[in-house]
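For the sequence shown, the positions run 4 to 438 when our numbering is used. From the three backbone atoms N, C-alpha and C, an ideal C-beta is built for every residue, glycine too.
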Amino acid sequence: MDKKPEHSNSPSTEKEPLETPQTEEVSKDESVDSSAAVPTAPTKSNQAEADDASQSDVDLETKPVKEASQPAESPSKDIPTPPSASEQIHAEPAPAKPKGQGPALLVALLALVIGAGAGGFSYWQWQQRQQHQLQSNELAASVTALETAQRDLRLSLEAQLLDVQRQNQAAAQRIETLGASLSKVEATLEKARNLRPQDWLIAEADYLVQMAGRKLWLEQDQQTAIALLKDADRSLSLVKDGAQLPIRAALAKDIATLEGLPRQDLAGVALKIESMIAAVETLPLNRVELPDAAETEVVDTPSESVDDWKANLARNWKAMMDDFITVRRRQGELQPLLAPEQEWYLREHLRGKLMQAQLALYHGHTDAYQKALGTASGWIDTYFKRDDAAVDSALSNLEALRKVEFVSKLPIELASQPLLERLVAERLGTVRESR
């Protein structure tokens, strides 16, 4: 770039300088491009070289101007010579290289690096805050779950504690009850050690007397009660002790009282009534059969005589009226009519009356028993066929049942029962509840 082109005043050498400046221009442009492509920080040596280069450029620019100012020696002074390419190139001002571009670029790069670092640091802090927030939320959820589990566990333990306390109370009550029962058993065993060998006979007699009273009260069974009282007297006769003598006297009195009552077979009477209830369905009803007319009707025919017109008119009028209303007179006993659909109701009512008589028999109600049998007998006599053997047998059985006499109320309390209870209480140490 420091080479200066040589100029000649002869016309033959005008073409050569045209090519040389192009090379210099290309090299100059390349140097400029290369220097502009790689910016470096300015130093003292570089600054000196830059000053020398600018000084040489100034020389290149001013020198062609001086040469151009001198007139060229040519055969024809009137024709101006055009400036050469090198002159045009050197005539253009060289672009001034900007000063301070390197430090500004360095500052920009440093600012960019600092901004990127600050952004990265902010993003890292944001991520840390998010992680901390997530961890805090998870920790809060864990604490809430632990509190809930602790509360549930506390409630469960309290419920179990209450249950255990109730069980302990129930166990304490059972222990107390068992202790009382054990004390009673021990007392009974202590008394049993002191029993006499024949005391069990007294207990057996007491049991038999109780059974006799129940037979009289519940079943009105006189014969069974007498048999039980005799068995009790037989058991007491084996006891070699004078304490049983008043009891045996009371037993003899009870047996005599029951034997003095009329004997009655209530079970047999009830079974007879039951058989009659079953036979109600087979009893034939009394179907009404109308007897023949007592008189034969005489037909009065009109005469053929004209003089008897009044009599003929009366006969015709009477015959016409007889067609509307007919009155027939019959002789014989008339039976009450019963519609076929009423047959079922009659039989059911008859069964009900017989069942009432059976119930009154068990309860000892004599009046109700007699009234129910009388009503049943009247229905059979009125609505059923009298000349049938089954109906006649039913009426006979009802009449026999009405004649049965039974005691309305047997004695329930026996004279021997309270005496035996006192003796058992003295010997065995037990007292029964009063009835």
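A contact is defined here as three or more CB-CB pairs under 8 Å, and the region 213-225 fails this definition with respect to the region 239-256. Segment contact: the region 271-291 against the region 363-383, three or more CB-CB distances shorter than 8 Å; contact assigned.
The C-alpha of THR180 is placed about 33 Å away from the C-alpha of VAL212. If you ignore the 5 residues before and after ALA121, its C-beta comes within less than 6 Å of no other C-beta in its own chain.
Secondary-structure assignment with DSSP links PHE387 through a beta bridge to LEU288. If you ignore the 5 residues before and after ASP391, its C-beta comes within less than 8 Å of the C-beta of LEU286, PRO287, all in its own chain and listed in chain order. For GLU351, the three-state secondary structure derived from DSSP is helix.
In this structure, the straight-line span from the alpha carbon of LEU353 to that of THR378 is close to 8 Å. In this structure, DSSP gives ALA418 a state outside helix and strand, which the three-state scheme calls coil.
With contacts defined by Cβ atoms closer than 7 Å, ARG430 and ILE178 do not form a contacting pair. If you look at PRO265, you'll find it isn't in any alpha helix (DSSP H); DSSP assigns it neither H nor E. Ranked by Cα distance from LEU241, the first of ALA270, GLN201, GLY263 is GLN201. In this structure, DSSP gives HIS135 a helical state, which the three-state scheme calls helix. By the neighbour-count criterion, in which 16 or more other beta carbons inside 10 Å mark a residue as buried, ASN140 falls on the exposed side. Using a 10 angstroms sphere on the CB of ILE117, the tally of other CB atoms stays under 16, which defines it as exposed. In this model, GLY367 and MET214 are separated by some 20 Å (Cα to Cα).
Restricting attention to alpha helix (DSSP H) runs no shorter than 4 residues, the region 218-242 encloses them at 225-240, ordered along the chain. The beta-carbon separation of SER238 and ALA208, rounded to 4 Å, stays under the 8 Å limit for a contact. Rounded to whole angstroms, the Cβ separation of LEU232 and ASP257 is 6 Å, and the two are in contact under 8 Å.
Bounds of the alpha helix (DSSP H) holding GLU402 are 392-405. Counting of Cβ neighbours within 10 angstroms places ASP310 among the exposed residues, the total staying below 16.
Across the set LEU376, GLN130, THR227, LYS356, the C-alpha of LEU376 shows the shortest separation from the C-alpha of SER399. Apart from the 5 residues on each side of it in sequence, ALA393 sits with its Cβ closer than 8 Å to the Cβ of ALA282, THR285, LEU286, PRO287 in its chain, given in chain order. CA-CA distance, SER186 to GLN176, rounds to 15 Å. A distance of 7 Å or more separates the beta carbons of ILE276 and ALA371. When rounded, the separation of the alpha-carbon atoms in VAL272 and GLU262 is 20 Å.
CA-to-CA, the gap between GLN128 and ARG154 works out to about 38 Å. Excluding the 5 residues flanking it on each side, SER419 has same chain C-beta neighbours closer than 7 Å at VAL212, ILE250, ALA253, LEU254, ASP257, in chain order. Within a 10 Å sphere around the beta-carbon of LEU426 sit 16 or more other beta-carbons, which makes this residue buried.
Less than 7 Å divides the Cβ of ASN289 from the Cβ of LYS388.
Under the three-state reduction of DSSP, GLN201 is assigned to coil, being neither helix nor strand. Contact annotation: MET279 and LEU357 have beta-carbon atoms nearer than 7 Å. One Cα belongs to GLN168, the other to GLY182, and the distance between them is close to 21 Å.
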